[in-house]
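Heads up: the sequence lines are chains V and R, in that order. Numbering of the first sequence is given in the UniProt record's numbering, commencing with residue 1 and proceeding in unit increments. Numbering of the second sequence is given in the UniProt record's numbering, commencing with residue 1 and proceeding in unit increments. Every residue gets a Cβ at the ideal spot worked out from N, C-alpha and C, and that includes glycine.
2 protein chains.
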Amino acid sequence: MRFNTVTIKDIAKALGLSTSTVSRALRGGYEISEETKKTVTEYAEKINYRPNPIALSLKERRSYSIGIVVCEIANNFFSQAINGMESVAYTAGYNVTITQSHERFDREVLNVEHLASRSVDGLLISLSSESADVSYLKDLHKKGLPIVLFDRVTSEIDTHKVIADNFKGAYDATDYLIKLGHKRIAHFTSSAHLSVTGERLEGYKAALRDHGIPFNEDFVKFCGHGGINQEEIDDATKELLALNERPDAIFIAQDKLSTGCLHAIKKIAPDYFTGIKIAGFTNSNVVDLFNPPITAVRQPAFEMGQAAMELLIHLIESKMPVTEFETRILQTQLIVNNSKY
Amino acid sequence: MRFNTVTIKDIAKALGLSTSTVSRALRGGYEISEETKKTVTEYAEKINYRPNPIALSLKERRSYSIGIVVCEIANNFFSQAINGMESVAYTAGYNVTITQSHERFDREVLNVEHLASRSVDGLLISLSSESADVSYLKDLHKKGLPIVLFDRVTSEIDTHKVIADNFKGAYDATDYLIKLGHKRIAHFTSSAHLSVTGERLEGYKAALRDHGIPFNEDFVKFCGHGGINQEEIDDATKELLALNERPDAIFIAQDKLSTGCLHAIKKIAPDYFTGIKIAGFTNSNVVDLFNPPITAVRQPAFEMGQAAMELLIHLIESKMPVTEFETRILQTQLIVNNSKY
DNA sequence: ATCGTGTTCGGGAACGATTGCACAAAAATA
DNA sequence: TATTTTTGTGCAATCGTTCCCGAACACGAT
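See the structure below:
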């Protein structure tokens with residue numbers, strides 16, 4: 001604000017009052033006469049006075065703004081979740097600051113620290129695929145920064161969490177593939193230490209087990225960078241194709257991996273598409289337009305964002321320190337041929 | 001920052017110095033003895049001191065942060081542009097704050113004003129499809145807020161601008177369709193008062209003219225909300241299908257409209273796809289997976305973001321008031337069958 | 001006449017950092 | 001030895017706002 005130099009002082013000077021009186025008049029302080037209040041508010045209105053949020057932040061040590069950290073906004077799941085968060089924050093009078101970690105731990109730390117030093121009142125974060133050590137977050141949380149984890153969470157931090165039912169989503173997708181007659185189902189997933197990776201892997205295994213299909217280690221491909229670089233996916237695909245017994249279906253655990261895998265197959269072995277069935281987690285709005293059709297496990301991203309923001313604001317505005325935390329689990333949807341299955 | 005209470009005062013007290021000395025020692029002031037400097041910096045390091053950006057913003061009336069306003073982050077073009085902006089800002093020591101207008105004028109104004117009051121050092125903005133009146137931006141610009149417009153610009157504001165060569169992009173796409181043998185080419189576009197709409201429409205018209213094809217008013221469909229609601233697109237599609245002489249190709253001027261149109265046709269008249277050719281502006285990373293294949297006009301979004309941020313930072317850091325402004329025009333690419341045409 | 005008791009307002013200290021100016025002590029010069 | 005210069009440090013104002021205290025005044029009760 002190098003401009004908008006209308007301050008409370010200007011009002012005070014113009015009206016022959018003190019800054020304290022003006023401040024109280026504007027805040028509706030009970031100790032100010034109706035008349036003064038009227039004069040002040042009318043004048044403030046006239047000269048278009050806006051309180052300086054920076055000065056307020058310095059004084060109040062809060063900012064009415066909330067920090068969001070995701071790995072990529074160019075990811076349908078996250079952009080939808082952010083929209084959900086915004087919608088709740090907006091009505092509650094908070095602003096949001098969106099940052100991206102690009103799946104890198106150092107960027108994540110930098111973002112979080114910058115947000116914290118900027119006095120965000122709270123933090124919504126989905127961990128990067130590199131984030132194995134979350135002690136920096138833990139410290140901040142201990143110092144009193146309200147945090148709500150969503151999507152990629154960690155048991156290291158005791159706070160509210162919002163996740164999709166990853167186990168069930170993975171189970172349903174795998175189960176669907178099996179019921180279509182597939183028996184050799186591969187699994188593409190991301191970094192092994194992400195919460196979602198484990199949960200989805202378990203769902204996949206459980207579905208196999210329930211149908212008496214043996215689990216094959218070779219069929220599981222971890223792409224540590226979560227689809228950030230296509231090369232990783234290409235390599236995994238090649239490995240799969242090099243197997244004696246090629247898989248006849250693939251279940252993919254991540255949005256970017258799903259499209260990445262389609263690209264890879266299309267590029268490396270387009271004929272392989274015939275007969276193979278692919279199901280994967282994705283919140284893309286255009287899955288129904290995909291040529292090798294894909295069965296989508298869709299997360300309620302918008303609702304997850306809303307829930308996370310609601311929990312965070314509750315945490316921020318709670319008078320008492322909150323000690324009971326909840327993990328909200330939202331159900332996924334299996335989308336087959338553009339309709340709910 | 002309700003925690004991280006390590007301030008310059010704490011250091012001063014602990015070391016028996018004044019705050020001014022500590023400040024100067026940390027800043028590397030030439031007037032401080034080497035010994036004191038060392039003591040101070042070492043102690044600051046030890047207790048992990050971080051200067052409070054809020055206090056700095058208040059004092060310096062700048063924040064080393066840059067505001068970005070786009071209509072939707074869930075749009076490939078914008079998320080890619082944002083990545084370009086971030087990359088430049090990051091190396092120059094600036095942070096970015098991303099906000100969304102959701103194609104609404106009131107949200108845009110709210111975002112801009114919030115950013116300005118938060119002392120952003122500059123603003124990068126692509127106008128919403130509702131933004132006909134930009135006087136609020138003009139005022140801010142006059143007051144000294146550095147602004148760079150990108151993508152959807154306006155001639156109302158005299159400043160740096162970064163756009164794609166929309167005319168040529170549209171011309172190339174239309175020309176491509178014509179050369180494939182199509183003569184009845186419809187045009188889907190968004191709000192009429194957006195700069196990009198006009199430029200792309202002109203490119204479309206010019207290509208028709210150059211090939212001696214008459215311009216048909218009925219073939220042009222304006223979707224004012226830019227693809228935010230699918231209904232609008234469905235209606236436009238129906239109108240097109242109801243024509244006596246149905247178009248045999250469509251050129252689409254917007255990312256969301258392109259996919260929206262594919263959805264519409266797929267839903268309303270799937271058989272219509274046979275023989276019809278679609279070309280459209282889109283920065284989707286998955287166009288090659290689309291079933292009704294689409295010829296894409298791809299904007300160099302990342303580079304546009306970089307250019308815009310470079311120009312803005314230049315504006316911010318310029319000692320002299322800048323009076324000469326440039327409009328940087330970047331070339332689009334026609335992507336046919338997943339490769340540059 | 002004195003003492004509460006409101007009511008309405010102003011003074012001034014915070015919040016964290018920078019910085020012009022003043023001032024001391026030490027060093028250099030006359 | 002006296003004076004000037006250099007060097008290192010502190011004081012206090014500033015940014016815009018809030019809020020604790022206290023001041024001034026009026027009014028009714030004692």
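(request) Tell me, please, whether the CB atom of T323/V is closer than 8 angstroms to any CB atom in chain R? (result) So no, T323/V is outside the interface.
(request) Find the residues of chain V that neighbour P53/R, judging by a C-beta separation of less than 7 angstroms, and give them in chain order. (result) S117, R118
(request) Determine contact between the segment 116-127 of chain R and the segment 41-51 of chain R, defined as no fewer than three beta-carbon pairs at a distance below 8 angstroms. (result) no
(request) Tell me where the beta strand (DSSP E) around V70/R begins and ends. (result) 65-70
(message) Does the CB of H141/R have a neighbour CB from chain V at under 8 angstroms?
(response) For H141/R, the answer is no, since every Cβ of chain V falls outside 8 angstroms of its Cβ.
(request) State the beta-bridge partners of F222/R as determined by DSSP. (result) T189/R
(request) Starting from the C-beta of M1/V, find all residues in its chain whose C-beta is less than 8 angstroms away, skip the five residues before and the five after it, and write them out in chain order. (result) In this prediction, M1/V has a pLDDT of 41, which is less than 50 and means its spatial position is unreliable; nothing more can be read from the coordinates.
(request) Just confirm the distance between the C-beta atoms of E103/R and S135/R, as a whole number of angstroms; I'd bet it's less than 8 angstroms. (result) Between S135/R and E103/R the Cβ distance is about 19 angstroms, and since that is not below 8 angstroms, they are no contact.
(request) From the DSSP output, read off the bridge partner residues of L330/V. (result) According to DSSP, which records beta bridges pairwise, L330/V is partnered with A164/V.
(message) Please classify M320/V as buried or exposed, where buried requires at least 16 neighbouring CB atoms within 10 angstroms.
(response) exposed
(request) Could you please give the first and the last residue of the uninterrupted alpha helix (DSSP H) stretch that includes I11/R? (result) 8-15
(request) Tell me the start and end of each unbroken alpha helix (DSSP H) in the segment 106-155 of chain V that is at least 4 residues and wholly inside, in chain order. (result) 135-142
(message) Please give me, in chain order, every unbroken run of the alpha helix (DSSP H) with length at least 4 that falls completely inside the segment 278-334 of chain V.
(response) 301-317
(request) Alpha carbon to alpha carbon, how far is E232/V from F302/R? Give it in angstroms, no decimals. (result) 22 angstroms
(request) Give the DSSP-derived three-state secondary structure of T159/V in the structure shown. (result) coil
(message) Out of V40/V, L201/V, Y30/V, which one is the CA nearest neighbour of G169/V?
(response) If we check each option's Cα against that of G169/V, L201/V comes out closest.
(request) Determine the chain R residues that contact Q299/V at a beta-carbon separation under 8 angstroms, and present them in chain order. (result) Within chain R, no residue comes near Q299/V; the closest Cβ sits about 14 angstroms away, beyond 8 angstroms.
(request) Determine which residues of the segment 44-74 of chain V have a Cβ less than 9 angstroms from any Cβ of chain R, and write them out in chain order. (result) R50, P51, N52, P53, I54, A55, S57, L58, R61, R62, S63, S65, E72, I73, A74
(request) Check the C-beta distance from N95/V over to S65/V and give it rounded, since I have them as a contact under 8 angstroms. (result) 4 angstroms
(message) Rounded to whole angstroms, what is the Cα-Cα separation between K143/R and R209/R?
(response) Approximately 44 angstroms, taken between the alpha carbons.
(request) Could you tell me the distance, in whole angstroms, from the CA atom of A249/V to the CA atom of E45/R? (result) C-alpha separation (whole angstroms): 55 angstroms.
(message) Given this structure, state the Cα-to-Cα distance separating L58/V from L240/R, to the nearest angstrom.
(response) 58 angstroms
(request) Using a Cβ cut-off of 8 angstroms (strictly closer), state whether E86/R contacts chain V. (result) yes
(request) Could you tell me which chain V residues have their CB closer than 9 angstroms to the CB of H314/R, listed as they occur along the chain? (result) Chain V residues near H314/R: none, gap ~17 angstroms exceeds 9 angstroms.
(message) Against chain R, with Cβ distances strictly below 8 angstroms, would V196/V count as a contact?
(response) no
(message) Which same chain residues end up closer than 8 angstroms to I178/R when comparing Cβ atoms and leaving out the 5 residues on each side of it in sequence?
(response) If we look at I178/R and ignore the five residues flanking it on each side, its Cβ neighbours are I185, A207, L208, H211, I213.
(request) Using the DSSP secondary-structure output, state which residues sit across from S79/R in a beta bridge. (result) Paired residues: none, contrary to the question.
(message) Tell me the rounded alpha-carbon separation between T36/V and A25/V.
(response) Looking at the two C-alpha atoms, the distance is approximately 7 angstroms.
(request) Compare the beta carbon distance of I252/V and F188/V with 8 angstroms and say whether it is the shorter of the two. (result) yes
(message) I need the DSSP call for S339/R, collapsed to helix, strand or coil.
(response) strand
(request) Spell out a yes or no on whether the segment 291-298 of chain V and the segment 309-323 of chain V are touching, meaning 3 or more CB-CB pairs, one atom from each, closer than 8 angstroms. (result) Too few Cβ pairs lie closer than 8 angstroms, so no.
(request) Return the CA-CA distance between K9/V and I32/R, expressed in angstroms with no decimal places. (result) 36 angstroms
(request) Pull up the distance between the alpha-carbon of T282/V and that of V297/V, whole angstroms please. (result) Within the model, the alpha-carbon separation for T282/V versus V297/V is close to 6 angstroms.
(message) When you compare the CB of F290/R with every CB in chain V, is at least one pair closer than 8 angstroms?
(response) yes
(request) Going by CA-CA distance only, name the one from C71/R, L145/R, F215/R, D175/R that's closest to residue 346/R. (result) In the structure as shown, chain R begins at 1 and stops at 341. Residue 346/R is therefore absent and cannot be evaluated.
(request) Show which residues of chain V have a CB atom less than 8 angstroms away from the CB atom of L124/R. (result) Correct list: empty, because the minimum Cβ distance to chain V is about 14 angstroms.
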